[in-house]
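In our numbering, the protein residues as written are 22 to 503. Okay, structure first, notes after.
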């Protein structure tokens with residue numbers, strides 16, 4: 022039942038409420054009127070029976086001689102009929118009370134507020150209001166041989182009937198008040214039921230206008246308010262998607278402009294670097310000191326300079342290669358030798374930083390998981406491992422452990438690189454593969470982006486798990502060749 026009501030429209034609910042109130046009001050009035058009518062008929066029937074009895078007694082008594090009038094019968098009649106009848110009197114032709122249930126009026130003339138001098142035996146009726154009580158008097162002429170001997174006087178009070186009318190009126194008022202109270206309560210419920218969600222939507226719209234697109238509202242029911250709430254939630258979701266798309270487009274446009282500018286700069290920088298590298302070689306030959314000690318120092322300095330020049334040239338090459346389509350030369354090879362050769366290049370740097378290298382399950386045979394053959398481009402794959410190892414080493418400036426493990430399952434050869442460095446914050450972890458994103462003071466942020474691109478071009482995958490101050494684990498998986 023609740024589900025059916027929740028699916029009804031607001032218009033239908035209001036119509037049902039008004040119709041229910043009208044039906045309740047009509048049924049209540051019908052029941053009250055029917056009950057009042059029954060009570061009134063019963064009361065009139067009782068009054069009629071009392072009047073009939075009174076007439077019988079009065080006729081019997083008026084037919085007797087005066088001294089035989091039984092006053093006690095009148096009194097007993099009044100006592101037995103406690104409601105409606107006030108007194109019964111026998112009045113002679115001179116309007117003098119000769120017998121009555123009220124002894125105080127015997128012998129007195131009756132104050133008749135009607136014309137009794139008209140000939141005939143017509144019944145005389147009149148009403149009066151004494152001390153706030155409605156009184157109804159009936160004079161029944163007693164005619165014998167066309168001679169009016171007197172009257173039977175019946176004095177009745179309609180307090181009981183008035184009470185019934187007042188009671189019925191009060192009941193109608195109470196029923197009306199109850200129905201209107203129910204209507205007001207139902208209206209207040211519907212008002213709160215529909216104004217509260219509208220207020221929630223207005224508050225949520227204010228938050229959305231302020232830029233909070235995470236705002237969502239609970240959907241209650243399938244009526245207009247429920248559909249409005251659902252549409253609001255859908256609108257906020259679409260706004261968030263649109264804003265995200267716009268931010269990505271802006272970022273892409275910005276990166277495109279930077280990439281175009283940087284590519285031009287890289288080309289311009291690369292030529293002087295080549296010239297400087299050639300000049301260093303010439304300096305080492307032409308200007309080398311003759312003294313062996315100074316020559317050793319001179320050669321060391323030249324080697325450092327050339328190493329830095331080669332590093333810069335490598336960065337420029339990576340940058341330029343990132344924007345170009347990859348040309349892979351795939352050959353069957355094992356991952357173990359590539360990993361070990363790359364680590365050997367970094368052994369001196371690890372020793373200087375007090376970093377311990379641990380290798381597990383690496384080898385060329387079946388005992389080594391990294392010995393599984395994969396189709397790969399040696400030069401590009403070596404660059405990928407070099408980028409990952411360099412990032413791990415740079416995250417441990419105070420020393421630590423660089424652990425390299427391999428595994429093979431489900432047709433993939435996997436290499437895991439774990440370091441005990443500073444880790445990556447959750448907000449930065451999702452951006453580590455974005456081009457030009459870096460948290461280091463040096464570098465341009467394309468190493469991992471290029472690595473991810475190369476690995477995916479090989480049909481593999483790369484993932485990173487990290488925790489601040491606990492270290493980082495990089496997992497590289499490549500399909501095993503068959």
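A virtual CB, placed ideally from N, CA and C, is assigned to each residue, including glycine. Just so we're clear, the structure is a prediction, and the values are computed from it rather than from any experiment.
*Indicate the three-state DSSP secondary structure (helix, strand or coil) for residue 285 in the structure shown.*
helix
*With 16 other CB atoms within 10 Å as the buried threshold, where does residue 108 fall?*
buried
_If contacts are defined as beta-carbon pairs under 8 Å, then residue 484 and residue 476 qualify, I think. What distance do you get, rounded to the angstrom?_
Contact flag wrong, Cβ pair sits at about 10 Å.
*Measure the CB-CB distance between residue 378 and residue 366 and report whether it falls below 8 Å.*
no
*For residue 495, I'd like the list of residues in its chain whose CB is within less than 6 Å of its CB, leaving aside the five on either flank, ordered along the chain.*
409, 438, 485
*Using the beta-carbon count (16 or more within 10 Å), is residue 201 buried or exposed?*
exposed
*Could you check if residue 474 is buried or exposed, using at least 16 other CB atoms within 10 Å of its CB as the buried criterion?*
buried
*Excluding sequence positions up to five away, which residues of its chain have a Cβ less than 6 Å from the Cβ of residue 86?*
Unreliable placement is indicated for residue 86, whose pLDDT of 47 sits below 50; the coordinate value is still reported in the next sentence. For residue 86, where only same-chain residues beyond five positions count, there are no Cβ hits under 6 Å.
*Three or more beta-carbon pairs under 8 Å between the segment 369-378 and the segment 427-434, yes or no?*
no
*asked:* Need the endpoints of the alpha helix (DSSP H) that residue 401 sits in, please.
replied: 399-415
*Look at residue 467 and residue 421 and say whether their C-beta atoms are less than 8 Å apart.*
no
*Figure out for me which residue from 472, 218, 313, 118 has the closest Cα to the Cα of residue 412.*
472
*Compute the Euclidean distance between the alpha carbons of residue 310 and residue 328, then round it to the nearest angstrom.*
21 Å
_Helix, strand or coil at residue 419 according to DSSP, with G and I counted as helix_ = coil
*What residue from 220, 270, 359 has the CA that sits closest to residue 394's CA?*
359
*Compare the C-alpha of residue 259 against each of 169, 234, 241, 271 and name the closest.*
234
*asked:* Considering Cα atoms alone, identify which of 53, 407, 217, 324 is closest to residue 362.
replied: 407
*With respect to the beta strand (DSSP E) encompassing residue 377, which residues constitute its N-terminal and C-terminal limits?*
376-381
*DSSP beta-bridge partners of residue 219*: Note: residue 219 sits in no beta bridge, so no partner.
_If I measure Cβ to Cβ from residue 113 and keep anything under 6 Å in the same chain, skipping five residues before and after, which residues do I get?_
119, 171
*Counting along the chain, where does the beta strand (DSSP E) carrying residue 488 start and finish?*
482-488
*Under the three-state reduction of DSSP, which class applies to residue 227: helix, strand or coil?*
helix
*On a CA-only basis, which of 173, 156, 158 is nearest residue 164? Give me that one, please.*
173
*Nearest to residue 304 by alpha carbon, out of 324, 312, 286, 313?*
324
*Alpha-carbon spacing of residue 121 relative to residue 52, whole angstroms*: 43 Å
*Using CA coordinates, which residue listed in 399, 405, 350, 488 is at the minimum distance from residue 416?*
488
*asked:* Need the endpoints of the alpha helix (DSSP H) that residue 371 sits in, please.
replied: 368-373
*Would you list the one or two residues that DSSP bridges to residue 494?*
439, 486
_Own chain residues within Cβ distance below 6 Å of residue 424, not counting five before or after_ = 379, 439
*Span of the alpha helix (DSSP H) around residue 470*: 468-478
_Alpha-carbon to alpha-carbon, residue 419 and residue 441_ = 10 Å
*asked:* Check whether the segment 188-197 and the segment 226-233 are in contact - that is, three or more C-beta pairs closer than 8 Å.
replied: no
_Same chain, Cβ closer than 7 Å to residue 374, five either side skipped, listed in chain order_ = 414, 417, 418, 420
*Which residue or residues does DSSP assign as beta-bridge partners of residue 113?*
171
*For residue 470 and residue 458, the rounded distance between their alpha carbons*: 9 Å
_If the criterion is Cβ atoms closer than 8 Å, does the pair residue 238 and residue 222 meet it?_
yes
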